[in-house]
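Read the structure below first, then the notes.
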Amino acid sequence: MSLINIISKDFDIENNLSESQLRAAMVDAFAYLIDNDFPKLIQILYKADVDQYKLKELLETVEGSSSAEVIADAYIARQMAKIETWKKYSPKKD
1 MSLINIISKD
11 FDIENNLSES
21 QLRAAMVDAF
31 AYLIDNDFPK
41 LIQILYKADV
51 DQYKLKELLE
61 TVEGSSSAEV
71 IADAYIARQM
81 AKIETWKKYS
91 PKKD
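At position 43 of the sequence shown the residue is numbered 43 (UniProt numbering), and the sequence of numbers has no breaks.
Below, the structure written as structure tokens:
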């Protein structure tokens, strides 16, 4: 399971993006949701299991980044943590 595969369940994104392009796409998507569909933003973050208290703290303390950037980084980090967990506990194929 790749990061793009996971993210594409919540967002309509191309599957051949570089890491920086993916982050930029996520920042744009979260900026749109902040301005236009806050309930969907909350739903996506809840479904992804992004820690709301950690996110609130990041939004209050991170300087030099927009809210959309902070949210996108937290979302991507959570999805990457899920992949690592899956790799750790999935059966090894020889």
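We treat Cβ as the ideally placed atom computed from N, Cα and C, and that holds for glycine.
Following the DSSP letters along the chain, one finds Ile13 in no alpha helix (DSSP H), marked with neither H nor E. Taking the Cα positions, Ala74 is about 28 Å away from Pro91.
Under the rule that a run must span 4 or more residues, the alpha helix (DSSP H) segments found entirely inside the stretch 34-75 read 38-48 and 52-61.
Residue environment analysis places Met80 among the exposed positions, since fewer than 16 neighbouring C-beta atoms fall within 10 angstroms of its C-beta.
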